[in-house]
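Residue numbers (the working numbering), protein chains in the order written: chain Y, 1 to 479; chain L, 1001 to 1479; chain V, 2001 to 2479.
We treat Cβ as the ideally placed atom computed from N, Cα and C, and that holds for glycine.
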Amino acid sequence: MFHATKGPVRVRFADQPLSVATAVLSLALAATPVHAQEQQSVEERLEALENRLADVEPRATGDEGFSFNTYARSGLLLNGDLQSAPGGPYLTPAGSVGGAVGRLGNEPDTYLEAILNYRQVAENGTKSHYRLMIADSTTSSNDWTAGDGALNVRQAYVQFSDLASFTGIFADASIWAGKRFDRDLDFDIHWLDSDIVFLGGLGAGIYDVRFADGVTSNFSLYGRSFSEFPADPESFSDEEHSTDNLILTANNYFGNVEWLISGMKAQENDLRVVGGVTEAAETGVHTMLAYHGDSFFGLSDGNFKAAVIHGQGLGAETKNIGADGDLHEDAVSTRLAVYGTTYLSETWRVAPAILAETSKDRYIKGDEYQWLTFNARLAQELTANFEMQYEASWQTMDLTTLGYQGRNDVDGYYSRFTVAPTFKPQVGGFWNRPEIRVFASYSTWDDELEGYAAGDALGADRDFESSQWTFGTQMEVWF
Amino acid sequence: MFHATKGPVRVRFADQPLSVATAVLSLALAATPVHAQEQQSVEERLEALENRLADVEPRATGDEGFSFNTYARSGLLLNGDLQSAPGGPYLTPAGSVGGAVGRLGNEPDTYLEAILNYRQVAENGTKSHYRLMIADSTTSSNDWTAGDGALNVRQAYVQFSDLASFTGIFADASIWAGKRFDRDLDFDIHWLDSDIVFLGGLGAGIYDVRFADGVTSNFSLYGRSFSEFPADPESFSDEEHSTDNLILTANNYFGNVEWLISGMKAQENDLRVVGGVTEAAETGVHTMLAYHGDSFFGLSDGNFKAAVIHGQGLGAETKNIGADGDLHEDAVSTRLAVYGTTYLSETWRVAPAILAETSKDRYIKGDEYQWLTFNARLAQELTANFEMQYEASWQTMDLTTLGYQGRNDVDGYYSRFTVAPTFKPQVGGFWNRPEIRVFASYSTWDDELEGYAAGDALGADRDFESSQWTFGTQMEVWF
Amino acid sequence: MFHATKGPVRVRFADQPLSVATAVLSLALAATPVHAQEQQSVEERLEALENRLADVEPRATGDEGFSFNTYARSGLLLNGDLQSAPGGPYLTPAGSVGGAVGRLGNEPDTYLEAILNYRQVAENGTKSHYRLMIADSTTSSNDWTAGDGALNVRQAYVQFSDLASFTGIFADASIWAGKRFDRDLDFDIHWLDSDIVFLGGLGAGIYDVRFADGVTSNFSLYGRSFSEFPADPESFSDEEHSTDNLILTANNYFGNVEWLISGMKAQENDLRVVGGVTEAAETGVHTMLAYHGDSFFGLSDGNFKAAVIHGQGLGAETKNIGADGDLHEDAVSTRLAVYGTTYLSETWRVAPAILAETSKDRYIKGDEYQWLTFNARLAQELTANFEMQYEASWQTMDLTTLGYQGRNDVDGYYSRFTVAPTFKPQVGGFWNRPEIRVFASYSTWDDELEGYAAGDALGADRDFESSQWTFGTQMEVWF
């Protein structure tokens, strides 16, 4: 598989009547040049090797040419009858409006992102980066999922940096166009599988416009498709309509503080029929104030992030910016997200998190959605390759839906506790992957939550009741 | 593509007053062997390094092992209401029979080809190349397109070259089998997104049979699937039928002149029902005479290509050889394709193109399709990373369809002018990519064209009328 | 991410009694330090190069970072009318229950597996391997198969080996989790495209637990999805049901002997309706005794494999362990698989194979399936790049279906003989790929076989009758 094409001419040492006679006999007028020549040859060969290796190295590291990145998880999630159980962080009624609970182990799917990168450096020094992300999601355990899978392209964009002709406040700027996840706007609470904000779609933008030391801004235009929604039959003969939501964003950093502001407009989305009326939002505004802490809330080593998010109209989907076209023109949402990680001792580490939202007039005038999740993941590192992980989630919710999508009002709590013996190549911190885990979970919830929606995890399955045990195995990897 | 980052500091030999004193003064019989041994060690280590590096280099460049290639574009195309507009080079009625117009910016889709190569060199020197192309196309702006996308495999073939046992006229020949785009038969007029000819499918062939200096030929057999077409109900109980179109091709080069001749047969395609009758072609012939110029029409530096294509029966689809099974047994088409590129000054470059076709008895006896497109792309290089691009298209068409596929006769013109400020890693020529562009276009057309077909770009959309402005942003990349 | 495995032995400069005599004898106080410095510089540069190259090499070979593997085939299979013919090794009635015949050339599909690997080595030496396999299958010859293709993810798993903290019988063990083909349980009779056993699905396991020299075991838990099967209407309101088949496996090696034992359970699969009754198996057991020979049956150089497989209930699908949910609770199957490869002379090689099964009460109480296939592939190596390949298959079958899936009883034989002139980069053995072949086949069969099932290869096509000629071209590659 590995057949060498031959390198430059190789002078074999044996061919060189090196030094003995020369050194002894020469008075050195002749010897010196010979010696020098041969030495020069070493010098030249070293320099050639160094140059050739310098060409190869960026290809090996992915700084130039192809490189591969991944996020993937795949697991078996079973109930006590040894059958697939519902799961995932969005299984509760609050999950339908973003209220995630802890996910350790309890995910029923194989989800993966295969990221193919290609980087180039122009002669003038300008760098370019093409990124393609192919993703798939399925809950089938089978090895042939042509009918169940969902392979699709989530990202395809180019980004330029170190632009030779950019100066001043643009000297460090990058520009991009295509379909992508925003570079900065998809930071998450990993344990809830919930981004704090997520901005994705098709557009163009500029990163790292530097106004002063520590003061930088990103500006972008993203489009998203609102496809085939029911529309006012008086305006449209076919009763189905599509439009685009265009989102203008300024994301600004002042040291550790991030202030994001977005405005959006989806022309004719006000003709969308939701709950029998045409009161859907046509415009929206969304803003976030966040702090990226480099300690555990100032108490110990670690990190923390805290964010308050507020949105109105189409901006009232606080996480997935501009992705929900059903939002009411008067919709108002406010979300709080906080998490941190730290070590409690040499071997114990902990990551608490809070995610909460209150939302009014969300889909139907007068509705109200309130939920709050506490989550904590705890781990004890036991050997070079093994640790015990624990996770506790508690969620309370009070959802007044006014019948949106056939959903009923519910008011109650959900809680889950998970133990997961975990293998990894090297323990140490919350971000080391891959992990191979086995797990067992105990969940309880108010029976009332089962009345929310006929088809959801808690409502559907006669075998899935409060005081539920689930267990299984899962791998998770990123690089 | 392969720009070296510099290695560690290199001390140049010339800076070192090497050994003069040593060589002159030492008697040193003992010293010499030690010196020799140590020199040998350096020699051996150098040689080992050179050998190891020679093994690594072809892996880094993709000459052996894996490499990655891509074509991709992704853009947001909007009308004045900030909603997605129809677009692409085939949006006019003539587009339905191959009449493309200029595409600069005005494309509504994310289209990409991810090409995975694997090259091997056998011990006897024979090279093999496996190529897999996965492609996707969607007009959705969303980042999850499992329901809208079209991921599929367009190529999967192997090709052998430098065959150890091939001699004589086959000494330089390559052979291949599998599913592929023909190596030579997909050269295009880039600005129209139209191949001059395109041959793709599943088969086998041989390239570069060399009869004399400058006289080479390629021979191939391609199969294509004609799937589930309506067939004569008297012959088939299920009224649907499938068959294969087999295409034998000889593609011959005499210096800059290329002469391509193809014959094809699709058994029982004459039982296909088109326009209520069974007169579809069962056989066809297709030929092209082309010139690949290495100047701008002899006038200045640059390049040009000119081709005349003629086809009959199943060969009357002049571009996509053998891909259209609806063609009438008497169908006759002739197409002209010309383009060139040159620099007008240090910073201005231009690429004019003509594409035209006349076609008779194409789908229904007596129909007639005539269209002609003038296109010119112009660019002014302004900085290392920025240029202004301009494109003008003018198309005239006269289509007499006799009701084929419910289409109406139209006779008229279409024109479009586009301005596109464009960023790229390094300006210089029409083929440098990636590009990030923003653009604005103005289009006009005869209202009559809107009556061609209910579902097409000009006919369908009440918001898309002549004197149309469109604008947006787009990336385009290949490597 | 970039952990260097150490390169070849590095002789440190300090270990070298460099220039002792030189240093002693020379008066040259100035010359000596210069010399030392300069020699040290070469030494340092060599060492730096060796270190840097040792970092790059595992990236080039795929021992670390990304690597790419593939299996692919793509071919055109035609009948005498130049139309696509049915084909593949499973085209006979026995094929519906696993009875493959030889496949040389005669495959109608483009099937490919693109395998993306990423390997990492942790600082503590633990290795991890992420593998993603994307596969596709289509019988369309076209280059755009978005409507015909079947792109899907067949594998996505991580595996850890060389675990720093594993000792004793686990010292050489590997652990894994995710969706995969079992590492050991997919060895096949290549010429029949039939695994001897195949185990795939979603789960976790451990390989290479070493109890003694030559005595190792693998243990695994695999889940598979039984999806949307018709279920007892008295138990389920929607008459469709899904469940999971969980398979516990111990695969044990005693030198060349392999003993595999698997138990499985699919909760509520006994409520599945097959042939009008609910007698499907809920549990199963499957076992295999195999011998992996390192000669051609002790007669000459080469290899052979022989296996006897027995299964009951859900284990009665002897090849695809646990993949068939329709099996009857009393189902019993026994399969024999034998093949070997050897050279008959310098240039002739042969590979005979036998695959046979008897199965009772398989789907419906009282049914009976018996079939036996003889196959032999023969090749004559003629030049560095060319060989003639021949294959003969003979199959006899006696299938008593009791109407399962509308199938009728048949009793008869099928035989096929194929000649395939074959090009390859380097001839030599049965496993060298890629190959480019053209082929012609002659097949005969008992007319009775055409009555088995209306939709199958022998039954469906009026143009596909006994005494059939087929021919075409095909590539096959793996690496």
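For residue i, the three-state DSSP class (helix, strand or coil)
i, result
"V/Phe2170", "helix"
"Y/Glu240", "strand"
"Y/Arg480", "Here chain Y has residues from 1 to 479 only, and residue 480 of chain Y is not among them."
"L/Trp1144", "coil"
"Y/Ser345", "coil"
"Y/Trp431", "coil"
"L/Ala1164", "coil"
"Y/Tyr413", "strand"
"V/Val2197", "coil"
"L/Asp1463", "coil"
"Y/Ala31", "For Y/Ala31, the pLDDT reaches just 39, beneath the cut-off of 50, and the residue's location in the model is therefore unreliable, leaving the point undetermined."
"Y/Gly315", "helix"
"L/Gly1451", "helix"
"V/Leu2299", "coil"
"L/Arg1045", "helix"
"L/Leu1382", "coil"
"L/Gly1472", "strand"
"Y/Gln405", "helix"
"L/Arg1437", "strand"
Within 9 angstroms, strictly: CB atoms of residue i and residue j
i, j, result
"V/Pro1976", "V/Leu2458", "With chain V covering only 2001 through 2479, there is no way to say anything about residue 1976 of chain V."
"V/Leu2112", "V/Gly2472", "no"
"V/Thr2110", "V/Thr2138", "yes"
"V/Leu2260", "V/Thr2278", "no"
"V/Gly2315", "V/Gly2325", "no"
"V/Trp2394", "V/Asn2375", "yes"
"Y/Gln83", "V/Gln2267", "yes"
"Y/Ile309", "Y/Ser333", "yes"
"L/Ala1306", "L/Ala1351", "no"
"Y/Lys265", "L/Ser1074", "no"
"V/Asn2408", "V/Tyr2452", "yes"
"L/Leu1076", "Y/Leu202", "yes"
DSSP bridge partner residues for residue i (one or two, in chain order)
i, result
"V/Ala2356", "V/Leu2336 and V/Leu2372"
"Y/Arg377", "Y/Ala351 and Y/Glu391"
"V/Arg2183", "Note: V/Arg2183 sits in no beta bridge, so no partner."
"V/Ala2072", "V/Leu2112 and V/Val2477"
"L/Ile1134", "L/Ala1114 and L/Val1153"
"L/Asn1320", "L/Phe1198"
At least 3 beta-carbon pairs within less than 8 angstroms: the region 443 to 456 of chain Y vs the region 419 to 427 of chain Y = Too few Cβ pairs lie closer than 8 angstroms, so no.
Fully enclosed by the region 2083 to 2126 of chain V, which alpha helix (DSSP H) runs are 4 residues long or longer?
-> none
Decide yes or no for the touch test of the region 2386 to 2396 of chain V against the region 2113 to 2131 of chain V: beta carbon pairs closer than 8 angstroms, at least 3 of them.
-> no
Below 8 angstroms, can you find three or more Cβ-Cβ pairs linking the region 2342 to 2351 of chain V to the region 2297 to 2307 of chain V?
-> yes
Quick one: complete beta strand (DSSP E) runs, 3+ long, within the region 205 to 291 of chain Y?
-> 215 to 230, 240 to 254 and 257 to 265
Between the region 1176 to 1194 of chain L and the region 1098 to 1109 of chain L, do three or more beta carbon pairs fall short of 8 angstroms?
-> yes
The region 352 to 366 of chain Y contacting the region 53 to 66 of chain Y, beta-carbon criterion three pairs below 8 angstroms = In the pairwise beta carbon analysis, the region 352 to 366 of chain Y is classified as not touching the region 53 to 66 of chain Y: fewer than three pairs are separated by under 8 angstroms.
Taking contact to mean at least 3 C-beta pairs separated by less than 8 angstroms, is the region 2328 to 2336 of chain V in contact with the region 2269 to 2284 of chain V?
-> yes
Are the region 2397 to 2408 of chain V and the region 2115 to 2133 of chain V in contact at 8 angstroms, needing three or more beta carbon pairs?
-> no
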